[in-house]
Each structure stands twice: as C-alpha cells, then as structure tokens.
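Visitor:
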Amino acid sequence: MTDRIVSWHSNPSKPRYTPPPGAVDAHCHVFGPMAQFPFSPKAKYLPEDAGPEKLFALRDYLGFSRNVIVQASCHGTDNRATLNAIRLSDGKARGVAVVDPAISSEVLQSLHAGGMRGIRFNFLKRLVDDAPKDKFLEVSKRLPKGWHVVIYFEADILEELRPFMDAIPVPLVVDHMGRPDVTQGSDGPDMRAFRALLDSRPDIHFKPTCPDRLDPPKEGRGGDPWNAFAEAVAPLVADYPDRCIWGTDWPHPNMQDNIPDDGHLVDMIPRIAPSEELQRKLLVDNPERLYWAD
Ligand code: 0GY
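Residue 248 in this note's numbering sits at position 248 of the sequence shown, with consecutive numbering throughout.
Have a look at this one:
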C-alpha cells in the first residue's frame, strides 16, 4: 500500500440549506498530518493528509458551528491526530476515540480531558482485523462518566450483535443506521430490524448519514439522486426525533471512486428533517446532549 488516496471533494458547492446556529457536524474525521501523526501499520487505506485546518474551513463554509471528530480506522488506537484537532478547535470540537480495550482508567480520563466523550467499536471486516466483543464489553463498563459507545456495523450482522448491544451499560450511537439497504424502503426488512433495535432501549441513537454510501448511483435508475435514502430515512427521523445526530462523514474514507459533494450532503438535511424543530434537534439539541453536557 503506497499510493495515498484523496477521498474528498476539492471544491464542494455552497449548500442552499443553512444550518441553525450552533449546528454540529457530528460525524467527521481527520487524517494526519502524517508527518506528525503517522497512520497505523494495520491501516486498510492510506489517505492524503486531511487535517484540522481543512476540516474547520469546511465547517465554516458549510455553515456549521462545531464538529464531533470520530477517530478513523487508519489511525488505529493512536488518538493523537484526533486529540490534536480537538485542541486546535477552541472548544468547537469534541471526539470519539478508538482504544485498546486494555486501556487504563487513567488514560481514559486523559482522553476525557482532551475532549473525547465516547469510544467506537467498529465491526466492518474491511476496516479492522478483529472486534473482540468480550473485551469491548469489559471496557464499556468502565468508561468515564457521561460517555457513550459509537458502534459501526452492517445490516447483515445486526441480529447477531443484539445480545452484545443489549449488554452495553451506556448509551449507544449507531453509525449510518447500521447501513440498511435503503432501496427496500422505509418499511423494508432492514429498516424494520433497525426500528426493533431502537425500540428495545430508549438510549440508542443513530446517524441518518451517508446517502453517498447507502444510496450510490446505479445504472439505469433515474430520478433524484439519493431519493431512496430520503424516502427510507425521513420517517425514521420523524419517529425518533430525539435520538438522531447528523454528520458529513468528511473526508469520506474509502469513497475515492464516488466522492460526494459536501454541499449536496448538507442539502439532504431538509429532506430527512423537514421542519425547523426537527432540524434543531438533529443538528443542535441531540449532539449537544451527547457531547457538550460538561
Ligand atoms: C465512516 C465509514 C468508513 C470508514 C471509517 O474509520 C474509518 O475508517 O469509519 C467506511 O469506510 O465505511 O463512517 O467514516
């Protein structure tokens, strides 16, 4: 693996939609800079630098006020690049760490002091070599006060993960709704299974994010881009308005062959959250509760 990849748009359009004051882009990442923060030897992709300056410039350009920076798999369990970005944000960023489950309570506390408010468990085989449920469960029992677990999985393992998720003793946030097949519609089997998960506990949140990943362009399917995504996801946001948070997913790891325009992603917000009240919950109230409670 030698070629470094660019997976983000160099010149995204200005969104037509204006986010409300205080809006949080609650799912984004930083890559490097590599000279300062080398990538993990186990990284499954080697990106160009996409550091804090670029992220904060995009935040301002898109009309957001704050970021939640999720430690990307290419940095493994070395959280320094994410912590560096949080430190440079002047309080406008918080983070989600990826840790070795054997991490000490002292180091967890230092991550809290650095602005982390959760840890991420990644179950995608193309991104990580292993995902030890027993060890994940153990560390989730000794997180700093107020933290939650962010979990990333694909729809085909949702049922298998149910006992594991049931046992996690802190709130959960599910990345990209567990990647349902949105072309099945809002009442398709994947969305029904995901709703059953949400109904099983009141403290499971989700990110109605990544139309680019979940609804990629398909040969012969005309009409509105990301229409299937909007139709499948809007009812979920309407039915669980206090449990969703939104993010761009910049710099869009692994999307180099289908790079989304970030302005178009922002313009999806009113399609999944049509009222001002829903938009305020999705972009301000809900992420604030999870990431800026203290
Ligand atoms: C995402 C999705 C992906 C990658 C990562 O940490 C990561 O590398 O999360 C993916 O490739 O699906 O949410 O950024």
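From the three backbone atoms N, C-alpha and C, an ideal C-beta is built for every residue, glycine too.
Would you kindly work out how many angstroms separate the C-alpha atoms of Leu108 and Pro144, rounded to a whole number?
Guide: So the alpha carbons of these two residues sit roughly 7 angstroms apart.
Visitor: Grab me the residues of Leu158's own chain with a C-beta within less than 6 angstroms of its C-beta, minus the 5 sequence neighbours each way, in chain order.
Guide: Gly178 and Ala193
Visitor: Following a CB-centred definition, is Leu172 positioned closer than 6 angstroms to any heavy atom of the ligand GDP?
Guide: This structure lacks the ligand GDP; the ligands present are the ligand 0GY.
Visitor: DSSP state of Gly32, grouped into three classes?
Guide: Of the three classes helix, strand and coil, the one that applies to Gly32 here is coil, per DSSP.
Visitor: Could you check whether Arg120 and Trp147 sit closer than 7 angstroms to each other, using their CB atoms as the reference points?
Guide: no
Visitor: In its own chain, which residues sit with a C-beta less than 8 angstroms from the C-beta of Leu197, not counting the 5 before and 5 after it?
Guide: Leu158, Arg162, Met165, Val174, Gly178 and Ile204
Visitor: Strictly by DSSP, which residues pair up with Gly115?
Guide: In DSSP, Gly115 forms no bridge with anything.
Visitor: With respect to 6 angstroms, is the separation between the Cβ of Asn79 and the closest non-hydrogen atom of the ligand 0GY below this value?
Guide: no
Visitor: Return yes when at least one heavy atom of the ligand 0GY lies under 6 angstroms from the C-beta of Asn258, else no.
Guide: Taking the Cβ of Asn258 as the reference point, every heavy atom of the ligand 0GY lies at 6 angstroms or farther away.
Visitor: With the cut-off set at 7 angstroms, would you say Pro287 and Ala26 are in Cβ contact?
Guide: yes
Visitor: Which runs of the beta strand (DSSP E), 3 residues or longer, sit entirely within the region 61-86?
Guide: Whole beta strand (DSSP E) segments, 3+ residues: 66-70.
Visitor: For Pro169, is the beta carbon positioned less than 6 angstroms from some heavy atom of the ligand 0GY?
Guide: no
Visitor: Considering only residues of the same chain and omitting the five flanking positions on each side of Arg4, which have a CB-CB separation below 7 angstroms?
Guide: Leu46, Pro47 and Glu48
Visitor: Can you tell me whether Arg126 is helix, strand or coil according to DSSP?
Guide: coil
Visitor: Report yes if the C-beta of Asn254 is less than 6 angstroms from at least one heavy atom of the ligand 0GY; otherwise report no.
Guide: yes
Visitor: When every heavy atom of the ligand 0GY is checked, does at least one fall within less than 6 angstroms of the C-beta of Asp249?
Guide: yes
Visitor: Determine the burial state of Lys218: buried for a count of at least 16 other Cβ atoms within 10 Å of its Cβ, exposed for fewer.
Guide: exposed
Visitor: Pull the bridge partners of Ala50 from the DSSP assignment, please.
Guide: Answer is Phe31.
Visitor: Is Leu143 helix, strand or coil by DSSP?
Guide: Of the three classes helix, strand and coil, the one that applies to Leu143 here is coil, per DSSP.
Visitor: Compare the Cα-Cα distances from Pro20 to each of Leu282, Gly263, Leu83 and Phe31 and report the closest residue.
Guide: Leu282
Visitor: What are the partner residues of Cys244, as DSSP defines its beta bridges?
Guide: Phe206
Visitor: Check whether the region 86-104 and the region 269-279 are in contact - that is, three or more C-beta pairs closer than 8 angstroms.
Guide: no
Visitor: Which residue marks the beginning of the beta strand (DSSP E) containing Tyr291, and which one marks its end?
Guide: From DSSP, Tyr291 is part of no beta strand (DSSP E) but of the alpha helix (DSSP H) over Asn286 to Tyr291.
Visitor: Does the beta carbon of Ser73 fall short of 6 angstroms from some heavy atom of the ligand 0GY?
Guide: yes
Visitor: Can you give me the C-alpha to C-alpha distance between Pro15 and His264, rounded to a whole angstrom?
Guide: Looking at the two C-alpha atoms, the distance is approximately 6 angstroms.
Visitor: The ligand 0GY heavy atoms versus the CB of Leu137: any closer than 6 angstroms?
Guide: In this structure, the ligand 0GY has no non-hydrogen atom nearer than 6 angstroms to the beta-carbon of Leu137.
Visitor: Give a single yes or no on whether Leu58 has its beta carbon closer than 6 angstroms to a heavy atom of the ligand 0GY.
Guide: In this structure, Leu58 has its beta carbon at no less than 6 angstroms from each heavy atom of the ligand 0GY.
Visitor: Going by beta carbon distance, what residues of the same chain come within less than 6 angstroms of Asp134, once the five residues before and after it are set aside?
Guide: Nothing meets the Cβ criterion.
Visitor: Could you check which residue in Leu55, Asn11, His75 and Asp285 has the C-alpha nearest to that of Gln36?
Guide: His75
Visitor: Less than 6 angstroms between the CB of Leu108 and some heavy atom of the ligand 0GY, yes or no?
Guide: no
Visitor: Beta carbon of Leu46: closer than 6 angstroms to some heavy atom of the ligand 0GY?
Guide: No, the ligand 0GY has no heavy atom inside 6 angstroms of this Cβ.
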